[in-house]
Structure formats: structure tokens, C-alpha cells
Amino acid sequence: MFDYYLRLALRRCRQNLAMVGLLVLTMAIGIAATMTAMTIFGALAGDPLPGISPHLYVATMDAREAVDKDNPDYKQPDSWLKLGDAKALVDAHRAPQQLALAQSLTTMDSPDGKHSEQAWGFMAYGEPLGMLGVPLRFGRPWTAQELAARAPVVVIDSDLAQKLFGTADAVGRSVLLGGKPFRVVGVTVPWKPHTVFLDLQRNQGNPQGSNDEFFVPAEAALDAGVGPFTSGECGKGAPVIGFQSAAVQHCRWLEVWSRLDTPAQVADWRQFLANYADAQRAAGRFVYPPQPKLYGARAWMTLNHVVPDDVRLNLMLAGAFLLLCMVNVAGLLAARFLRRQADVAIRRALGASKRTVFAQHLVETGILGLAGGVLALPLTWLGLWIVRLQPVSYAEAAKFSPGVFGALLLFSLIVGLLVGVLPAWRVCRQPPALQIKVA
Amino acid sequence: MAVRHIVNPLLRHRLMPLLVVLQVALACAIACNALFLLQQKLVPILAPDGIGTPDRLVMAWNIASRGKPWPTGRLLEVRQALRALPGVSAASVAGSLPMETNAQMNGEAIAEDTHAKAGDAAVYIGADLVDTLGLHLVAGRDFSAEEQSIQYHGMGINDSGPAIITRALANRLFPDGHALGKVIRIGAAADAGRRTVVGVVAHLMSNKFDADGGNVDYTMLFPGVPGNWPMPVFAVRVAPGADVERVRKAVDATIHRELGNEMIRGFEPSIQMYGDMRAHALAKFKAAVWLLAGVSVVVLIVTLAGIMGLTGYWVQQRTRQIGIRRALGARRRHILRELQLENLLVVGVGVLLGLACAYAINLWLMRHYELTRLPWIYLPVGAALMLLLGQLAVLSPALRASRVPPVVATRSV
Numbered sequence: 001m002f003d004y005y006l007r008l009a010l011r012r013c014r015q016n017l018a019m020v021g022l023l024v025l026t027m028a029i030g031i032a033a034t035m036t037a038m039t040i041f042g043a044l045a046g047d048p049l050p051g052i053s054p055h056l057y058v059a060t061m062d063a064r065e066a067v068d069k070d071n072p073d074y075k076q077p078d079s080w081l082k083l084g085d086a087k088a089l090v091d092a093h094r095a096p097q098q099l100a101l102a103q104s105l106t107t108m109d110s111p112d113g114k115h116s117e118q119a120w121g122f123m124a125y126g127e128p129l130g131m132l133g134v135p136l137r138f139g140r141p142w143t144a145q146e147l148a149a150r151a152p153v154v155v156i157d158s159d160l161a162q163k164l165f166g167t168a169d170a171v172g173r174s175v176l177l178g179g180k181p182f183r184v185v186g187v188t189v190p191w192k193p194h195t196v197f198l199d200l201q202r203n204q205g206n207p208q209g210s211n212d213e214f215f216v217p218a219e220a221a222l223d224a225g226v227g228p229f230t231s232g233e234c235g236k237g238a239p240v241i242g243f244q245s246a247a248v249q250h251c252r253w254l255e256v257w258s259r260l261d262t263p264a265q266v267a268d269w270r271q272f273l274a275n276y277a278d279a280q281r282a283a284g285r286f287v288y289p290p291q292p293k294l295y296g297a298r299a300w301m302t303l304n305h306v307v308p309d310d311v312r313l314n315l316m317l318a319g320a321f322l323l324l325c326m327v328n329v330a331g332l333l334a335a336r337f338l339r340r341q342a343d344v345a346i347r348r349a350l351g352a353s354k355r356t357v358f359a360q361h362l363v364e365t366g367i368l369g370l371a372g373g374v375l376a377l378p379l380t381w382l383g384l385w386i387v388r389l390q391p392v393s394y395a396e397a398a399k400f401s402p403g404v405f406g407a408l409l410l411f412s413l414i415v416g417l418l419v420g421v422l423p424a425w426r427v428c429r430q431p432p433a434l435q436i437k438v439a
Numbered sequence: 001m002a003v004r005h006i007v008n009p010l011l012r013h014r015l016m017p018l019l020v021v022l023q024v025a026l027a028c029a030i031a032c033n034a035l036f037l038l039q040q041k042l043v044p045i046l047a048p049d050g051i052g053t054p055d056r057l058v059m060a061w062n063i064a065s066r067g068k069p070w071p072t073g074r075l076l077e078v079r080q081a082l083r084a085l086p087g088v089s090a091a092s093v094a095g096s097l098p099m100e101t102n103a104q105m106n107g108e109a110i111a112e113d114t115h116a117k118a119g120d121a122a123v124y125i126g127a128d129l130v131d132t133l134g135l136h137l138v139a140g141r142d143f144s145a146e147e148q149s150i151q152y153h154g155m156g157i158n159d160s161g162p163a164i165i166t167r168a169l170a171n172r173l174f175p176d177g178h179a180l181g182k183v184i185r186i187g188a189a190a191d192a193g194r195r196t197v198v199g200v201v202a203h204l205m206s207n208k209f210d211a212d213g214g215n216v217d218y219t220m221l222f223p224g225v226p227g228n229w230p231m232p233v234f235a236v237r238v239a240p241g242a243d244v245e246r247v248r249k250a251v252d253a254t255i256h257r258e259l260g261n262e263m264i265r266g267f268e269p270s271i272q273m274y275g276d277m278r279a280h281a282l283a284k285f286k287a288a289v290w291l292l293a294g295v296s297v298v299v300l301i302v303t304l305a306g307i308m309g310l311t312g313y314w315v316q317q318r319t320r321q322i323g324i325r326r327a328l329g330a331r332r333r334h335i336l337r338e339l340q341l342e343n344l345l346v347v348g349v350g351v352l353l354g355l356a357c358a359y360a361i362n363l364w365l366m367r368h369y370e371l372t373r374l375p376w377i378y379l380p381v382g383a384a385l386m387l388l389l390g391q392l393a394v395l396s397p398a399l400r401a402s403r404v405p406p407v408v409a410t411r412s413v
């Protein structure tokens with residue numbers, strides 16, 4: 001029966017090509033606009049590290065001391081902590097894994113002085129590779145002993161290794177950071193989260209970020225004169241930004257992340273954090289109520305507006321536009337179906353039930369929907385291509401993926417069927433006798 | 001011509017008019033909000049930036065100091081070096097300038113006497129900016145040499161002293177038209193800086209383009225050079241007759257020579273013509289304008305096609321009735337007018353619904369995003385646009401209907 005409906009539908013589509021073309025095109029444009037907006041939104045708003053970031057939490061507290069009282073630019077407790085606080089939180093090992101980090105932009109030189117590269121990466125306290133799931137290609141992460149001993153070791157990615165040494169396997173070689181030799185203990189694959197969520201304060205307005213090309217123990221880097229990209233909040237009251245300075249002993253500049261797998265662990269860590277903050281407040285270091293809080297990675301991204309408002313607005317605009325296209329197509333389909341009332345009436349009179357007539361028309365709109373989806377494919381590709389050309393911070397998120405293709409076809413079928421329900425119901429409701437008489 | 005003739009059939013066959021109403025309402029809601037967003041994106045593109053002969057202005061930005069900020073004395077030395085270049089008629093160093101969005105200084109400007117407020121006014125602290133930027137003074141005077149040589153301990157935004165403000169800001173703070181000599185407080189804090197207005201310039205664009213509820217022409221100039229500021233911007237005016245590109249290259253070389261070793265590593269300073277800097281800063285606004293304009297046009301085309309298709313069918317259904325009416329004496333233009341009036345009614349209902357939706361959507365967007373209230377003018381304009389669109393869509397089917405010969409009435413009855 002389905003086979004028969006299919007042939008009927010195709011035959012009918014051939015009858016009025018202009019009308020069918022308009023229907024399919026309208027649906028295709030609506031679907032393509034929505035798919036384009038959804039692709040970008042999905043790429044930005046999804047988990048930045050699938051399987052890992054849902055378990056990551058960042059701590060915030062008002063850790064201001066007497067020197068930066070009354071700073072009008074400090075609006076709410078943020079994630080930056082002093083090295084001492086960050087170390088205390090990490091060293092307590094109350095969570096399965098914990099890590100303090102700050103983003104750095106620094107120069108890496110090969111020891112022979114022939115190659116010099118600027119690289120973005122993290123100064124970290126803890127074990128970043130395991131916690132963030134950064135895959136190693138060669139070597140190993142640094143050990144707890146190396147971290148505690150402030151050993152000059154570094155983990156770089158294979159791109160940087162290639163640029164500096166001409167080979168990806170740079171384990172055992174030395175790179176110069178701040179002019180001092182650091183031994184490469186591990187080489188990772190080129191890596192970055194899908195969306196920036198670590199050290200967001202140094203990454204405002206740059207949701208896509210760049211590859212994190214190195215990880216270095218924070219204290220070893222400071223010893224070599226390498227500091228975070230910006231010095232953070234240095235407690236002078238005035239909002240002065242310092243760049244690339246290792247003189248950060250008076251600054252809050254690291255944020256502390258922890259991996260917490262169960263609600264019990266979250267509660268335990270939250271309690272630990274509150275106890276620590278209260279103790280500092282009681283000791284007179286923190287001059288304001290610390291209000292310690294934990295934010296999951298997604299909540300932290302939402303709070304910091306990582307997904308630009310424009311992306312959300314465009315998604316809503318595209319959705320509303322698709323709705324308009326659907327109403328439009330429903331109207332045109334109703335007109336198209338009702339024009340054939342006489343045919344339907346004859347079929348009804350010959351014994352076809354309402355249900356079969358309904359099914360027959362749904363098959364037709366389903367086919368139109370699929371045709372719209374097929375046409376929407378190049379249109380979506382075009383839309384993403386246009387977005388990639390735009391000077392917007394999220395341009396890189398506009399990538400076409402095979403998953404999008406599958407979603408698109410399914411989506412268009414659903415749209416086609418939804419759009420067809422009303423007209424199909426309308427046409428099968430006609431009393432057959434009257435229509436035959438009119439015809 | 002009784003409206004009842006038109007309304008009754010609409011009520012009897014509800015599906016078609018209902019679909020038209022729904023489409024019009026949706027299109028109206030989308031178009032109003034899209035056009036409003038578009039207009040907001042257009043603001044910084046269309047606003048006058050106040051810069052005189054911009055094609056002779058070289059800007060050096062994206063310059064940041066490694067470690068501590070440069071002392072102001074050092075910045076003034078660089079400025080002197082730039083000033084001494086052949087073909088340069090004026091040079092300035094400032095904390096921030098129009099189109100420099102990385103380093104922004106903003107403050108709430110409050111008139112001391114009346115407490116009139118302007119939130120988020122841009123503050124440009126720099127030496128000789130009126131000359132270098134080619135600003136047009138409409139009242140008062142430029143800063144004196146003595147005022148220019150002030151040394152700030154901090155950035156300067158909280159210090160007291162003279163200020164030059166834009167006409168837009170003057171009108172906002174001092175609606176009586178007498179801004180000169182009046183005092184503006186920068187922020188509500190007790191120890192906020194007090195600035196006496198000594199001059200008013202025609203325009204000077206803020207570098208905060210999306211100032212919430214503000215105005216991109218609310219700007220204040222302070223003399224001197226900001227202290228403790230890690231991202232200075234240099235502006236160099238090319239003398240008449242000098243080769244602009246040669247001066248730009250000389251500026252580039254001077255900046256690298258003077259500050260190159262002390263700049264943060266991994267950031268390349270931008271030494272550009274002002275026009276290029278402007279294009280760079282406004283590129284994403286232009287992109288958004290194209291996108292929103294495209295969306296609006298497609299929405300209108302889709303709606304037009306939709307109404308046309310539906311009306312075409314709706315008219316065709318009534319061919320016989322129209323024939324009967326013609327046979328009974330209705331003239332062509334009666335039929336035409338009737339169909340047009342019918343369309344006006346249906347689209348009108350859709351428009352009313354759509355405007356309510358547009359307003360509701362705007363209220364919702366205002367709650368969740370940094371958007372301002374939809375100006376009421378959008379409502380009548382949107383309504384007129386949709387009604388016009390409806391009339392356009394009905395024209396061809398209505399003309400076809402009016403050409404139905406009366407003889408149709410005698411067929412197949």
C-alpha cells in the first residue's frame with residue numbers, strides 16, 4: 001500500500017512542478033537556516049570536553065584581602081585565587097582529582113637558538129593531563145615529586161615539538177622558557193576544548209580559543225620568570241592589568257578545578273571549600289564574607305556568557321523563521337490538497353477509509369519534506385560557509401559534520417509530516433457524496 | 001459595499017483565512033524584531049565618529065607592555081619621536097581612542113547640579129587629541145598647554161580637572177544648553193573626579209558600541225596621559241601634502257624601535273590607517289546587518305509567496321460565485337475592491353496579532369538579553385509594511401478574479 005501511495009505522490013508531484021518547487025524550496029530554506037544556527041549553537045553550547053567536563057567544577061570565592069578593599073571593579077566573587085590558596089586547596093586532595101591553572105602566552109626557544117615560537121598554554125599546579133583527559137603521544141605527565149620539587153619539566157604538543165625540533169617525539173629534549181632549560185617529559189596530541197571554559201577571565205569574547213600547546217608546573221615557570229598572560233587581580237584597588245609578569249606573589253591569578261563524580265563528592269568538596277574560606281576569614285586574611293561557590297563547567301560557561309548572545313538570538317530567529325515556513329507550506333499544501341477534493345471523494349466513494357486517505361496524503365508531504373531536506377543540505381553547507389567567512393568570534397564553530405546530515409534528513413521528514421497533518425486531516429474530512437456531485 | 005459580504009464567507013470557511021492570519025502574525029513578529037536588531041547593529045556604523053579627514057590619520061594600537069605599564073614619561077617620549085617624523089603635523093598618545101575596543105575606559109557622567117546622568121560615557125585621556133583627531137569644537141576651547149601637561153598618579157579617570165565633551169553628552173547632561181563651566185562627576189562615589197567642561201565638540205564616537213541604553217556619541221576627553229595603563233594607543237596626523245603610506249611605515253618603524261622590546265610577546269602591534277581600523281572594529285556589525293537584512297527580506301518574500309498561493313486558491317474556489325455576482329451586475333472593480341478589502345481585513349487581524357507578539361517577544365528578549373525596548377514607531381511601520389505586502393500579494397489573484405466572465409455563472413450549475 002505504501003508503495004502505491006509513493007507512486008501516487010510522485011505522479012502528483014510531477015503535475016504542478018512550479019508549486020512543488022515552491023513548497024520544497026520554502027521548506028528547504030527554513031530547514032537550512034535552522035540547521036545552520038543549530039550547528040553553531042551546538043558546537044558552542046555543548047560539553048567542551050565530552051565525558052570529562054560534566055564532572056569538572058570550578059571554585060569561586062571573595063578572596064580579597066585588606067589591600068584591595070573598596071575596589072569598585074570587583075562586582076562578585078570570582079574564580080581567581082592566590083597561589084598559596086590554590087596550592088592549599090589542591091594539596092588537600094579532597095576530590096578524586098584537582099588542579100589549579102592559569103593561561104600563559106610565552107616564548108619557547110629551542111636550545112640551539114634556531115627556533116623560537118610563541119605558544120599558548122597552561123601553568124598548572126596538580127596533574128592536568130589526567131584530569132582534563134589530554135591524550136599523550138609520547139612520554140609521561142610530570143610526577144608529584146617533580147611538581148613538589150619545582151622541577152623544570154614541561155609537556156608540549158606535537159605541533160610545537162615539530163616546529164621546535166623537527167620531530168614530534170621530543171621527549172627528553174630541552175626547551176627554553178624564559179631563557180631557562182625545561183626538560184620535555186611528555187608530548188600530547190594537539191588539543192583544546194571545543195569551547196573555552198578554563199580560565200575564562202583571560203578569554204573573554206573568544207569562545208573558540210586556540211590550541212593549548214604546553215603545560216608547565218606553575219612554580220617552576222615562575223622561577224624561570226614566566227608568568228600568566230595577565231597578572232590577575234593584584235590588590236591595588238586600581239584595575240591595573242599587567243601582562244606576562246612573573247611578579248604575581250601579590251596577585252590572585254589561578255583558578256582551581258576539581259573532578260567530582262557523585263553528588264556526595266560535590267557536597268563534600270563544597271563543605272571543604274566553605275571550611276577553608278571560613279578559616280581564612282576567621283584568620284583575618286579575607287576581609288569580606290567569602291561566599292564560596294562551586295560551578296559545574298556548563299553553569300560556569302553560562303554565567304560568563306561564553307556563547308555569544310548573537311548566537312542564541314540567531315537560533316531563535318532561525319526557529320521562528322522555520323515556523324513561518326511551516327505555516328506557509330501547510331497553507332500551500334492545504335490549497336493543493338483541497339483542489340483535488342473531487343479525486344479524494346471518488347476514492348472515498350469507492351471504499352477508501354478516512355485513514356487510508358490521511359495516510360496517502362501524509363506520504364506525499366513526507367516525500368516533500370525529504371526533498372526539502374535534500375535541498376537543505378547544500379543550503380546548510382552554503383550557510384555554514386558564509387558564517388565561516390564572517391569576522392565573528394564563533395566562525396570556526398560553523399563546521400559541517402556528518403552527524404548534521406543525518407539530523408537534517410530526520411528533521412526534514414518530521415517537518416514534512418508535521419506540516420502535512422493539518423491539510424491531510426482537512427481533506428479526508430470532506431463528505432464524499434457532496435464533492436462528487438459538485439465535480 | 002457591505003463588509004458583511006466579506007466577513008461572512010471568511011467565517012464560514014475558516015481554514016484559509018486562519019492560515020493567512022497565522023502567517024502574517026508570525027512574519028510581522030519576526031520582521032519587527034529582526035529590523036529592530038538590525039537597526040541596533042546599524043547604530044555604530046551610521047553614527048558620526050567626529051574624526052576630521054580620517055584618510056590622513058594613522059593609528060597604532062594593540063600595543064601592550066610586558067610586566068609593568070610604561071611610565072607616562074616613556075609614552076610621551078615615543079609621542080615626541082612620532083611628532084618629529086617628517087610629514088607629521090600632530091601626534092597623540094591616549095589610553096583609548098575611537099575604534100579601539102580592547103582597551104576601554106568608561107564612566108558614568110553625572111551633572112553635579114542637576115544629577116542628570118549618562119551611563120557608560122567613553123573617556124579618552126590623551127595629549128592634544130583635538131588637533132590630532134581633527135575634532136570640530138563647537139563651543140569653548142581646547143585644553144591649554146598647562147592643562148595638557150598634567151601628571152596623574154593613577155589612570156586619571158578619578159582625578160579632577162577640565163574636560164571636553166561631545167554635543168550629545170552636553171545636551172543630555174545640561175539640557176538648558178549651557179554646558180561650559182559646568183561640573184561633571186565621574187561616577188557616584190564620594191571621592192569621584194570632578195571635571196569642569198571647557199569645550200564641546202560636535203561628535204566623537206565612543207568605543208563601547210553596545211552601550212546599554214546609552215549613546216555611542218557620549219564621550220569625554222581629559223588632558224594628559226593615563227598612568228598605570230598597559231595598553232596605550234597612538235594617533236598620528238599626516239600633514240597635508242605628505243605621503244600617507246610613507247608616514248605609516250615610519251610610525252610602524254618608530255613604535256617597533258621604541259617599544260618593541262618591552263611589548264608583550266606574541267602580539268603584533270597594529271599600525272593602520274584610521275579607516276582600516278574602523279573597518280576592522282565594525283566588521284562584525286556589518287556582518288550582522290547583512291544577516292538580519294537577508295533574513296528580513298526572505299521572511300517577507302516567503303510571506304508574499306504564501307499569501308499569494310493561498311489567495312489564489314481561495315479565489316479559484318469562488319470562481320463560480322464571482323461569476324454569479326458579475327452576472328447579477330457587479331462590476332470588475334467591485335470584485336477587485338472586495339477581494340482587496342477582504343485581504344486587508346484578514347491581514348489586519350494578522351498584523352494586530354503579530355504586533356502583540358512582536359511586543360511580547362521584545363519584552364522577553366529584554367529580560368534575558370541586553371536589548372532595549374522596541375520603539376513604538378516600529379509597530380505602525382511594521383503594520384503598514386505587512387498591509388502593503390498583503391495588498392501586493394492579493395493583486396494578481398484579485399485581478400484574475402475580476403476578469404472572470406459572467407458567463408461562468410451559467411456553467412456546471
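Protein chains in written order, with the working numbering: chain A, 1 to 439; chain B, 1 to 413. Glycine included, C-beta positions come from ideal geometry on N, C-alpha and C.
For residue 176 of chain A, the uninterrupted beta strand (DSSP E) segment begins and ends at 174–177. Under DSSP, residue 66 of chain B takes part in a beta bridge, and its partners are A:243.
The residue from A:30, A:252, A:326 and A:61 with its alpha-carbon nearest to that of residue 84 of chain A is A:252. Across the set A:338, A:378, A:107 and A:68, the C-alpha of A:107 shows the shortest separation from the C-alpha of residue 66 of chain B. By DSSP's assignment, residue 180 of chain A forms a beta bridge with A:177. Taking one beta carbon from each stretch, the region 280–287 of chain B and the region 356–372 of chain B have fewer than 3 pairs nearer than 8 angstroms; the two do not touch.
Just measuring C-alpha positions, the residue of B:23, B:186 and B:332 sitting nearest residue 349 of chain B is B:23.
Closer than 7 angstroms to the CB of residue 22 of chain B there is at least one CB belonging to chain A. Taking the Cβ atoms as the reference, residue 232 of chain A lies roughly 13 angstroms from residue 230 of chain B, outside the contact range of under 8 angstroms. Within the DSSP secondary-structure output, residue 98 of chain A pairs in a beta bridge with A:258. Taking a Cβ-Cβ threshold of 8 angstroms, none of the residues of chain A is close to residue 278 of chain B; the smallest such distance is about 13 angstroms. For residue 341 of chain A, the closest Cβ of chain B is not nearer than 7 angstroms.
Taking C-beta atoms as the reference points, residue 360 of chain A and residue 430 of chain A fail to come closer than 7 angstroms. The distance from the Cβ of residue 401 of chain A to that of residue 369 of chain A is about 22 angstroms, inconsistent with a contact at the 8 angstroms cut-off. 7 angstroms or more divides the Cβ of residue 223 of chain B from the Cβ of residue 272 of chain B. Contact with chain B is absent for residue 20 of chain A, since none of that chain's Cβ atoms lies less than 7 angstroms from the residue's Cβ. With respect to the C-alpha of residue 179 of chain B, the residue from B:111, B:311 and B:9 having the closest C-alpha is B:111. Interface annotation for the region 299–325 of chain B against chain A: 299, 302, 303, 305, 306, 307, 309, 310, 312, 313, 314, 316 and 317, criterion Cβ-Cβ distance under 9 angstroms. If only complete runs of 4 or more residues are kept, the region 324–357 of chain A shows the alpha helix (DSSP H) at 341–349, in order along the chain. At a Cβ-Cβ threshold of 7 angstroms, residue 59 of chain A and residue 294 of chain A count as neighbours. Interface annotation for the region 369–397 of chain B against chain A: 369, 370 and 371, criterion Cβ-Cβ distance under 9 angstroms.
For residue 428 of chain A, none of the residues of chain B pass the 7 angstroms Cβ criterion, the least Cβ distance being about 14 angstroms. Considered as a whole, the region 168–255 of chain B harbours 183–186, 194–201, 219–222 and 233–238 as its complete beta strand (DSSP E) runs of no fewer than 3 residues, in chain order. With contact defined as three or more Cβ pairs closer than 8 angstroms, the region 168–176 of chain B and the region 85–98 of chain B are not in contact. Excluding the 5 residues flanking it on each side, residue 175 of chain A has same chain C-beta neighbours closer than 8 angstroms at 108, 109, 110, 111, 154, 156, 164, 181, 182 and 184, in chain order. The beta carbons of residue 99 of chain B and residue 366 of chain B sit about 28 angstroms from each other, so the pair does not count as a contact at 8 angstroms.
Bridge pairing for residue 157 of chain A: A:188 [DSSP]. Nearest neighbour of residue 173 of chain A by Cα position, chosen from A:122, A:152 and A:191, turns out to be A:152. Judged by beta-carbon spacing, residue 346 of chain B lies within the 7 angstroms limit of residue 20 of chain B, meaning their Cβ atoms are closer than that value. Inside the region 269–333 of chain A, DSSP marks whole beta strand (DSSP E) runs of 3 or more residues at positions 293–296, from first to last along the chain. A residue is called buried once 16 or more other Cβ atoms fall within 10 Å of its Cβ, and residue 114 of chain A, having fewer, is exposed. Of the other Cβ atoms in all chains shown, fewer than 16 fall within 10 Å of the Cβ of residue 4 of chain A; this residue is therefore exposed. Residue 363 of chain A counts as buried, since no fewer than 16 other beta carbons sit within 10 angstroms of its beta carbon. For residue 397 of chain B, the uninterrupted alpha helix (DSSP H) segment begins and ends at 378–402. A distance below 6 angstroms between beta-carbons, with the five flanking residues on each side excluded, links residue 133 of chain B to the following residues of its chain, in chain order: 51. Residue 166 of chain B sits in a strand when the DSSP states are folded into three classes.
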